[in-house]
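Accompanying notes for the structure given below.
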Amino acid sequence: MANKTSCGNNAQLAIKFLNEQLKRKEKSLIKGEIDANSGQTSNTQKLTIKSNDDKILDCCLRMNNEYNMDQYRVILLSNDRNLQNKALVYNISSYSINEFNNQFAEFSEMKYKFLAKNVDSANISSESANDETVKPNSAKRRKNEHSQSTMKANYQVTSQELTQGLSNQNLTARHEQSNSLVEFCIDKLKSTFGEKWNTVFPKFKGETASQMDCLNMMKNNWIGVFSDFFNRNQTVLDLLNWLTNRKNESNQKLFDENLKRLRNFIQNIK
Numbered sequence: 021m022a023n024k025t026s027c028g029n030n031a032q033l034a035i036k037f038l039n040e041q042l043k044r045k046e047k048s049l050i051k052g053e054i055d056a057n058s059g060q061t062s063n064t065q066k067l068t069i070k071s072n073d074d075k076i077l078d079c080c081l082r083m084n085n086e087y088n089m090d091q092y093r094v095i096l097l098s099n100d101r102n103l104q105n106k107a108l109v110y111n112i113s114s115y116s117i118n119e120f121n122n123q124f125a126e127f128s129e130m131k132y133k134f135l136a137k138n139v140d141s142a143n144i145s146s147e148s149a150n151d152e153t154v155k156p157n158s159a160k161r162r163k164n165e166h167s168q169s170t171m172k173a174n175y176q177v178t179s180q181e182l183t184q185g186l187s188n189q190n191l192t193a194r195h196e197q198s199n200s201l202v203e204f205c206i207d208k209l210k211s212t213f214g215e216k217w218n219t220v221f222p223k224f225k226g227e228t229a230s231q232m233d234c235l236n237m238m239k240n241n242w243i244g245v246f247s248d249f250f251n252r253n254q255t256v257l258d259l260l261n262w263l264t265n266r267k268n269e270s271n272q273k274l275f276d277e278n279l280k281r282l283r284n285f286i287q288n289i290k
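Numbers given in the working numbering equal positions in the sequence shown, counted from 1, plus 20.
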């Protein structure tokens, strides 16, 4: 396990080094793929499609060939350094989200404000539409509900008194678990996107996010953000897929065990 971790760390360092050198236009690293003197890709060159990365790169190359590059610029936006390196070899500009924000800060700020404003407006419109579909209860129905709630009151109070101590302990433990996940997500989003992270993910509730919000955030943004922090450990992704499956929430014991396993992985990289 130690050797695998060491090998993974060394591989990440090598990928990072290549990425930095390619962005500095170090021509000695580029052999055979492009004309090192002109720095241009060949219009007749065909890319062999073997992976999803190749499909993305092929799309960039076709756009680069089809559009007038005096007016338009093809930019690959990805936090995957391997994919960045492939694009850079073919002379396609490539940035991580954080690099893009720093390079085009003024544009990014205006764009994100526009997107955030429109997302908020869409959410408000959706909520208003949902509110309009709610029909008021009749007086008779309210009376019946009140009667039923009164009949159950004594039983509910007794049940709450018997379980209050245990429930409070469980709630405290889950609150602490949720807080640790929130802190982890925010920390890694900040390290990837800088202080603009909340404009990139306006729907993520930040410090008020629930445990499930955090688990879904990690799963849905595994490739773009979180996988690098876990050295692309497939076990972590499997845990996230299992924990975010609603069918598994009913098995509370196994859910808590797998959540604990995930938290152990998180603690090991902090």
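Ideal Cβ positions, reconstructed from N, Cα and C, are used throughout, including at glycine.
Helix, strand or coil for residue 67? Go by DSSP, reduced to three states. Here residue 67 corresponds to residue number 47 of the sequence shown, with the count starting at 1. Coil at residue 67, not helix or strand.
In this structure, how does DSSP classify residue 289 when only helix, strand and coil are distinguished? The residue you call residue 289 lines up with position 269 of the sequence shown. Reduced to three states, the DSSP call for residue 289 is helix.
Mark residue 115 as exposed unless 16 or more other C-beta atoms lie within 10 angstroms of its C-beta, in which case mark it buried. Residue 115 sits at position 95 when you count from the first residue of the sequence shown. With 16 or more other Cβ atoms within 10 Å, it is buried.
So, under 8 Å CB-CB, residue 246 and residue 285 are touching, yes? Tell me the CB distance rounded to an integer number of Å. On the sequence shown, position 226 is the one that residue 246 refers to. On the sequence shown, position 265 is the one that residue 285 refers to. Not confirmed; about 11 Å, so no contact.
Just the Cα atoms here: how many angstroms apart are residue 205 and residue 262? On the sequence shown, position 185 is the one that residue 205 refers to. On the sequence shown, position 242 is the one that residue 262 refers to. Cα to Cα, residue 205 sits roughly 18 Å from residue 262.
Cβ-Cβ separation, residue 73 to residue 103 (assumed contact under 8 Å), whole Å: Walking along the sequence shown from the start, residue 103 turns up at place 83. Walking along the sequence shown from the start, residue 73 turns up at place 53. Right, the Cβ-Cβ distance comes to about 5 Å (below 8 Å), so this counts as a contact.
The beta strand (DSSP E) enclosing residue 76, as first and last residue numbers: Working through the sequence shown from its first residue, we reach residue 76 at position 56. Premise fails: residue 76 lies in the alpha helix (DSSP H), 72-86, not in any beta strand (DSSP E).
Over what stretch of residues does the alpha helix (DSSP H) that includes residue 95 continue unbroken? For the purposes of this step, residue 95 is taken as residue 75 along the sequence shown, with counting starting at 1. Taken as a continuous stretch (DSSP letters only), residue 95 belongs to no alpha helix (DSSP H), being part of the beta strand (DSSP E) at 95-97.
Opposite residue 115 in the DSSP bridges: which residues? Taking the first residue of the sequence shown as 1, we reach residue 115 at position 95. In DSSP, residue 115 forms a bridge with 97.
Check whether the Cβ atoms of residue 274 and residue 268 sit closer than 9 Å, and answer yes or no. Looking up residue 274 in the sequence shown gives position 254. Looking up residue 268 in the sequence shown gives position 248. Between residue 274 and residue 268, the C-beta spacing is below 9 Å.
Same chain only: Cβ atoms within 7 Å of residue 236, ignoring 5 sequence neighbours per side: Along the sequence shown, read from residue 1 onward, the residue named residue 236 stands at position 216. Cβ neighbours of residue 236 beyond the five flanking positions: 264.
Length of the line joining the Cα atoms of residue 105 and residue 203: The sequence position of residue 105 within the sequence shown is 85, counting from 1. The sequence position of residue 203 within the sequence shown is 183, counting from 1. Residue 105 and residue 203: Cα-Cα distance of roughly 31 Å.
Let me check understanding here. Comparing Cα to Cα, which of 124, 229, 212 and 111 lies closest to residue 100? Indexing the sequence shown from 1 puts residue 100 at position 80. Looking at the Cα atoms, 212 is the closest of the given residues.
What would DSSP say about residue 247, mapped onto helix, strand or coil? Taking the first residue of the sequence shown as position 1, residue 247 is located at position 227. Residue 247 falls in the helix class under three-state DSSP.
In terms of residues, what are the limits of the alpha helix (DSSP H) holding residue 261? In the sequence shown, the residue the question calls residue 261 occupies position 241. Run containing residue 261: 254-263, per the alpha helix (DSSP H) assignment.
Contact with chain B by residue 287, beta-carbon distance below 9 Å: Of the protein chains in the structure, only one exists, and it is not chain B.
Figure out for me which residue from 232, 71 and 112 has the closest Cα to the Cα of residue 96. For this step, residue 96 is matched to residue 76 along the sequence shown. The shortest C-alpha separation from residue 96 is found at 112.
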